[in-house]
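Below is one structure, written out as structure tokens, with a few remarks after it.
There are 2 protein chains.
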Amino acid sequence: MCQLLGMNCNTPTDIVFSFTGFATRSSEHGDGFGIAFFEERGVRLFVDHVAASVSPVAELVKRYPIKSRNVIAHIRKATQGHVALENCHPFVRELWGRYWVFAHNGNLKDFAPRLHAAFHPVGDTDSERAFCWLLQELAKHHACMPTVEALTETLQELVPQLSCHGTFNFMLSQGDALWAHANTRLHYLVRQSPFGVARLQDEDMQLNFAELAGEKDRVCVIATEPLTVDEPWTAFEPGRVMACVNGAPL
Amino acid sequence: MCQLLGMNCNTPTDIVFSFTGFATRSSEHGDGFGIAFFEERGVRLFVDHVAASVSPVAELVKRYPIKSRNVIAHIRKATQGHVALENCHPFVRELWGRYWVFAHNGNLKDFAPRLHAAFHPVGDTDSERAFCWLLQELAKHHACMPTVEALTETLQELVPQLSCHGTFNFMLSQGDALWAHANTRLHYLVRQSPFGVARLQDEDMQLNFAELAGEKDRVCVIATEPLTVDEPWTAFEPGRVMACVNGAPL
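So the sequences go chain by chain: L and C.
Residue numbers in the first sequence follow our numbering, run continuously in steps of one, and reach 340 at the last position.
Residue numbers in the second sequence follow our numbering, run continuously in steps of one, and reach 340 at the last position.
Have a look at this one:
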């Protein structure tokens, strides 16, 4: 199975700390990794078909503190689709003049939807197929970009048609909001004032956010498994689509 | 004005040598850079809104020899559109289950086409607008991916509708072929056996391809201005859409 990491913030924040812990996990998830950073409407996507623990691209991400309000990262353990660049998450498409970024952890069985519109998979994963279907259906429901609330409602309607095929933990963003859903495993944490010290679960590294963060900063971190000890991570309620805006669940 | 660099090869080749010379030119083109590498059907896209000469992302590209059969790079001097990540070339979209990569040098005046289909610009450049219009029209002409020859013919029909608006030098690839067109400036070079020494125009660096290249390797390099001395660069015939496959013009 793959692992997911997402971040939604009220001010542009770098993800170096969380990504460092997350990338360590790639020893067991060695079939590629990817990370997408929104910067306003633009997206920076880094993908590699080697493990994040050895990839020079992952090394750059750990050293270059890119500040973003919405980030989605993924480390891959191939279930469907061969090991290739085109099968690395996150996937990116454009809809309504905005980029959409999607990453999935899970395995959808016998999922072969009719893709009759503008979105077709380039690779051969169930995940990219699910993303294309989601965008196709969103485009049918709304003529142009609706509010975050309306999108959340539509996603909540659509997602059961995917999650009935198997494990479907995913993250999705268009740069304003970050949506996440789990039917098995996903955890989130809202990091806000009063800040304290956080220690990574997977690496010998800690940060004192009281010294680093501004008083009003707020960050929602979402991950397959909690990334830090001494912070109050919450397990996702299965089946619910959660939207995060400005560093907190709506 | 911006500058373009493209490469099409018969075997996966790294572009470190050419990109090193090309990136030097970014002192005068400091409004961002980007480079896209096809690896089979997948694309690796690196963009930054700072100059290639100072960007850590460009530094990675110079050090990490990514092997690819089709590469498109761009350094930006903003004419239309503000300096932002979403306005950095190359742009990427999906059509017929393949990624398409596009970069443009020039300035299209009063170009406001009706974009009624699946492709909408995210940023505010004339270039991304032109790319969206091209894909929209390609999708109208062909129901699924046609041959390179058929695509070249369609592009040759469509391009005058863009180039009548101003300077329109561009490169386009879907991973199999690289198309290029100039109505002002673009040069190409086919590097093949017998190989010799090439010296960069902009940097004190030379390579002996006789020692590095395989007997059957063939590379077509396309750039706004010739990148090397002692090699026979050819200026593009204005108005003609050239398709390169396996390292040579069709």
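We treat Cβ as the ideally placed atom computed from N, Cα and C, and that holds for glycine.
Quick one: what's residue i bridged to in DSSP?
i: Tyr278 of chain C; result: C:Ile312, C:Thr324
i: Cys222 of chain C; result: Paired residue(s): none; Cys222 of chain C is not in a bridge.
i: His194 of chain C; result: C:Phe260
i: Ala89 of chain L; result: Absent from the model: residue 89 of chain L. The displayed extent of chain L is 91 to 340, so no value can be given.
i: His271 of chain C; result: C:Phe260, C:Val331
i: Gln93 of chain C; result: C:Ile165
i: Asn336 of chain C; result: Asn336 of chain C pairs with nothing; no bridge assigned.
i: Phe128 of chain L; result: L:Val133, L:Asn160
i: Cys99 of chain C; result: C:Val309
i: Thr237 of chain L; result: DSSP, once it has assigned bridges, lists no residue as partnering Thr237 of chain L.
i: Glu184 of chain L; result: L:Tyr189
i: Val319 of chain L; result: L:Arg289
i: Asp266 of chain L; result: Answer is none; Asp266 of chain L lacks a bridge partner.
Distance check for residue j and residue i, CA to CA, integer angstroms please.
i: Phe128 of chain L; j: Met295 of chain C; result: 36 Å
i: Asn136 of chain C; j: Val173 of chain L; result: For the sequence presented, residue 136 of chain C should be read as Phe rather than Asn. Computed Cα separation, rounded: 21 Å.
i: Glu218 of chain C; j: Pro211 of chain C; result: 6 Å
i: Asn259 of chain L; j: Ala220 of chain L; result: 11 Å
i: Lys306 of chain L; j: Arg281 of chain L; result: 11 Å
i: Cys99 of chain C; j: Cys334 of chain C; result: 9 Å
i: Gly56 of chain C; j: His194 of chain C; result: The question about residue 56 of chain C has no answer here: the residues shown for chain C are numbered 91 through 340.
i: Ser263 of chain C; j: Tyr278 of chain C; result: 16 Å
i: Pro402 of chain C; j: Gln251 of chain L; result: No information on residue 402 of chain C is available, as it lies outside the stretch 91 to 340 that chain C covers here.
i: Trp323 of chain L; j: Asn177 of chain C; result: 37 Å
i: Thr257 of chain C; j: Leu241 of chain C; result: 22 Å
i: Lys167 of chain C; j: Phe107 of chain C; result: 22 Å
i: Glu130 of chain C; j: Glu184 of chain L; result: 22 Å
i: Gly196 of chain L; j: Thr314 of chain C; result: 46 Å
i: Thr274 of chain L; j: Arg159 of chain C; result: 40 Å
i: Leu228 of chain L; j: Ser253 of chain C; result: 35 Å
i: Lys230 of chain L; j: Thr169 of chain C; result: 36 Å
i: Glu243 of chain L; j: Val311 of chain L; result: 22 Å
i: Glu247 of chain L; j: Phe209 of chain C; result: 26 Å
i: Cys92 of chain C; j: Cys92 of chain L; result: 40 Å
DSSP three-state label for residue i, please.
i: Val161 of chain L; result: strand
i: His231 of chain C; result: helix
i: Asn177 of chain L; result: helix
i: Glu293 of chain C; result: coil
i: Gly171 of chain C; result: coil
i: Arg134 of chain L; result: strand
i: Arg153 of chain L; result: helix
i: Gly304 of chain C; result: coil
i: Thr215 of chain L; result: coil
i: Arg204 of chain L; result: coil
i: Val140 of chain C; result: coil
i: Asn123 of chain C; result: One detail in the question is off: residue 123 of chain C reads as Phe in this sequence, not Asn. Residue state, collapsed to three classes: strand.
i: Val147 of chain C; result: helix
Quick check: residue i and residue j, are their CB atoms within less than 7 Å of each other?
i: Pro155 of chain C; j: Asp104 of chain C; result: yes
i: Met97 of chain C; j: Val182 of chain C; result: no
i: Trp223 of chain C; j: Leu245 of chain C; result: no
i: Gly337 of chain C; j: Val319 of chain C; result: no
i: Phe201 of chain L; j: Asp216 of chain L; result: yes
i: Leu175 of chain C; j: His139 of chain C; result: yes
i: Met332 of chain L; j: Leu94 of chain L; result: no
i: Pro203 of chain L; j: Lys157 of chain L; result: no
i: Leu150 of chain L; j: Leu205 of chain C; result: no
Got a sec? Which residues, its chain only, sit under 6 Å from residue i by beta carbon, not counting five neighbours each side?
i: Asp214 of chain L; result: Gly171
i: Ala207 of chain C; result: Gln226
i: Tyr285 of chain C; result: In the sequence as displayed, the identity of residue 285 of chain C is Phe instead of Tyr. Once the five neighbours on either side are set aside, the close Cβ partners of Phe285 of chain C are Phe299, Ala300, Ala303.
i: Gly120 of chain L; result: Ala141
i: His271 of chain L; result: Val249, Phe260, Val331
i: Ala267 of chain L; result: Val238, Ala333, Val335
i: Ser283 of chain C; result: Glu305
i: Pro348 of chain L; result: Outside the displayed range of chain L (91 to 340) lies residue 348 of chain L, so it cannot be described from this structure.
i: Phe326 of chain L; result: Ala272, Leu276
i: Pro339 of chain L; result: Met332
Once you ignore the five residues that flank residue i on each side, which residues in its own chain have a CB closer than 7 Å to its CB?
i: Arg289 of chain L; result: Gln296, Thr318, Val319, Asp320
i: Ala142 of chain L; result: Ala113, Ser116, Phe123, Ala148, Ile165
i: Trp186 of chain C; result: Cys234, Met235
i: His255 of chain C; result: Leu198, Lys199, Asp200, Phe201
i: Val144 of chain C; result: none
Could you pull out every residue in the same chain whose Cβ sits closer than 8 Å to the Cβ of residue i, ignoring the five residues on either side in sequence?
i: Thr110 of chain L; result: Lys152, Leu290, Glu293, Met295
i: Val133 of chain L; result: Ala126, Phe127, Val182, Tyr189, Val191, Gly265
i: Val287 of chain L; result: Gln296, Leu297, Asn298, Phe299, Ala300, Asp320
i: Ala163 of chain L; result: Leu94, Leu95, Gly96, Ile105, Phe109, Phe112, Phe123, Gly124, Ile125, Ala126, Pro180, Ala193
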